[in-house]
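Report on the following structure.
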């Protein structure tokens, strides 16, 4: 027991926390707040094997499309083993159809064995998909905002036309009056 505690105490911060998904999610969340349009650098597991003065710059660019369905990720789940992300129904369906509930990762070059239990719900990827949809105008909220903005603009234009029309009929009535169009 004492040996285990000493061994744990001698680990670096990276060695203690890299294995935890919540730590990774937290780091990605903090990164996305400070760098919303920049992919987070890879959390390198062997960072402890490097010299402190060596600088390594690496970034991962994650796709917001499911590699199995080639559509937007729906309920994204990420593998704890290989970090590949899929739509939940797509990857779980593939695993279910495999017969023995085990499948090799469908990503080219990845030979990890996947089961349902090694996936976690990726809330950060869910947020990235929502942002990407909003940017393309495909999200329900962004469509509602766009429609509201158009209605407001149209209403303002109609008010201006109405004021112009009234002014053309009665120009003497508006001497010294300034209209503010809300």
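In the working numbering, the protein residues as written are 275 to 456.
We put the beta carbon where it would ideally sit given N, CA and C, even for glycine.
Nothing here was measured: the structure is a model prediction, and the numbers come from that model.
### Query
Considering only the beta carbon of each residue, do residue 384 and residue 340 sit closer than 8 Å?
No. Outside cutoff.
### Of the residues 373, 344, 354 and 382, the one placed nearest residue 364, counting alpha carbons only
By alpha-carbon distance to residue 364, the top candidate from 373, 344, 354 and 382 is 344.
### Message
Rounding to the nearest angstrom, what Cα-Cα distance links residue 436 and residue 425 in this structure?
### Response
Cα-Cα distance, rounded: 16 Å.
### C-beta contact flag for residue 361 and residue 374 at 8 Å
No Cβ-Cβ contact shorter than 8 Å links residue 361 with residue 374.
### Task
Just tell me which of 371, 440, 296 and 394 has its CA closest to the CA of residue 353.
The shortest C-alpha separation from residue 353 is found at 394.
### Query
Are the beta-carbon atoms of residue 398 and residue 302 separated by less than 8 Å?
Against a cut-off of 8 Å, the Cβ pair of residue 302 and residue 398 comes out as a contact.
### Query
Are residue 379 and residue 368 closer than 8 Å when you measure CB to CB?
No, they are not a contact pair.
### Task
Would you mind stating whether residue 351 and residue 396 have Cβ atoms separated by less than 8 Å?
Contact flag set, yes.
### Query
Helix, strand or coil: which one does DSSP assign to residue 359?
Look at residue 359 here: in three-state DSSP terms it is strand.
#### Entry: Delimiting residues of the alpha helix (DSSP H) encompassing residue 404
Segment 397 to 410, the alpha helix (DSSP H) holding residue 404.
### Task
With a 10 Å radius around its C-beta and 16 neighbouring C-beta atoms as the bar for buried, classify residue 275 as buried or exposed.
It is exposed - the Cβ of residue 275 has fewer than 16 other Cβ atoms within 10 Å.
### Task
Over the uninterrupted beta strand (DSSP E) stretch that includes residue 343, give me the two end residues.
It is not in any beta strand (DSSP E) - residue 343 carries neither H nor E in the DSSP assignment.
#### Entry: Residues that DSSP places opposite residue 351 in a beta bridge
Looking at the DSSP assignment, residue 351 forms a beta bridge with 360 and 395.
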